[in-house]
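In the numbering used here, the protein residues as written are 64 to 231.
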Amino acid sequence: MKLKIVLIMGLLSLGLNTNAQQYDYGEIEKKDFLYHFIGDSDSLGLIDKKYVDAWWSVLDSASIIPLTRKETRDIIKAFKSGAFDDASVIKHDDVKNEAGEIIEYGMIESISVQADLPPKTYYIFVGKTKELPYKNGHFYMTDVTSVSLSNKWKKKVDAIIKKYCSNE
64 MKLKIVLIMG
74 LLSLGLNTNA
84 QQYDYGEIEK
94 KDFLYHFIGD
104 SDSLGLIDKK
114 YVDAWWSVLD
124 SASIIPLTRK
134 ETRDIIKAFK
144 SGAFDDASVI
154 KHDDVKNEAG
164 EIIEYGMIES
174 ISVQADLPPK
184 TYYIFVGKTK
194 ELPYKNGHFY
204 MTDVTSVSLS
214 NKWKKKVDAI
224 IKKYCSNE
């Protein structure tokens with residue numbers, strides 16, 4: 064009887080482990096971006112939108128406003144809690160052969176969207192090696208891949224921006 068219970072528990076744990084190994088491609092992308100964005104630094108900077116054009120180029124006259132550690136943690140938590148916008152990525156499932164073996168792993172493709180954007184619409188959070196543009200509750204990892212925030216995190220990020228930047 065005890066042997067049956069041990070075998071059943073072992074089989075159940077194997078099933079749980081295989082489920083835990085399935086990856087969420089969006090989470091992996093966000094972790095990789097954060098690794099390159101913040102690095103080993105413990106603080107971020109902010110660039111006011113009046114120094115940023117529609118293509119996220121920063122004017123030479125721009126200055127980086129240093130954020131506190133708490134504000135930096137809030138920005139990182141907001142980014143981590145955000146969800147990829149459905150319009151910015153297409154997810155493909157794994158391709159399996161007739162025997163059910165995976166022959167090609169799923170991937171994410173970005174949809175290219177071209178738009179004429181007015182200048183001075185994005186704030187930029189500056190990390191150690193990368194920049195993270197922000198506008199209206201969305202962080203932009205690339206020009207077509209964005210992470211949208213819940214209202215709770217949008218309010219926190221907007222409050223940080225309002226503290227340092229003038230409204231135009």
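The C-beta atom is built at its ideal place from N, Cα and C for all residues, glycine as well.
Taking 8 angstroms as the cut-off, the beta carbon of I187 is found no closer than this to the beta carbon of I138. Here DSSP, grouped into helix, strand and coil, assigns V220 to helix.
Under DSSP, K93 forms no beta bridge with any residue. Exclusion of the five residues before and after S211 leaves G145, A146, D148, G200, H201 as the residues of its chain whose Cβ lies within less than 7 angstroms of its Cβ. Its chain contains D105, S106 as the residues whose beta carbon lies nearer than 7 angstroms to that of R132, once the 5 sequence neighbours on both sides are disregarded; these appear in chain order. Taking the C-beta atoms as reference points, W119 is found nearer than 8 angstroms to P196. Residue environment analysis places S213 among the exposed positions, since fewer than 16 neighbouring C-beta atoms fall within 10 angstroms of its C-beta. Comparing alpha-carbon positions, the option among Y114, F96, L97 lying closest to L122 turns out to be Y114.
As computed with DSSP, E194 is found in a beta bridge with V189. Among the bridge pairs identified by DSSP, L107 is matched with none.
Taken through DSSP and simplified to helix, strand or coil, I138 comes out as helix.
G102 is not a Cβ neighbour of I128, given a cutoff of 8 angstroms.
Contact between K193 and Y185 is absent: CB atoms are separated by about 14 angstroms, not below the 8 angstroms threshold.
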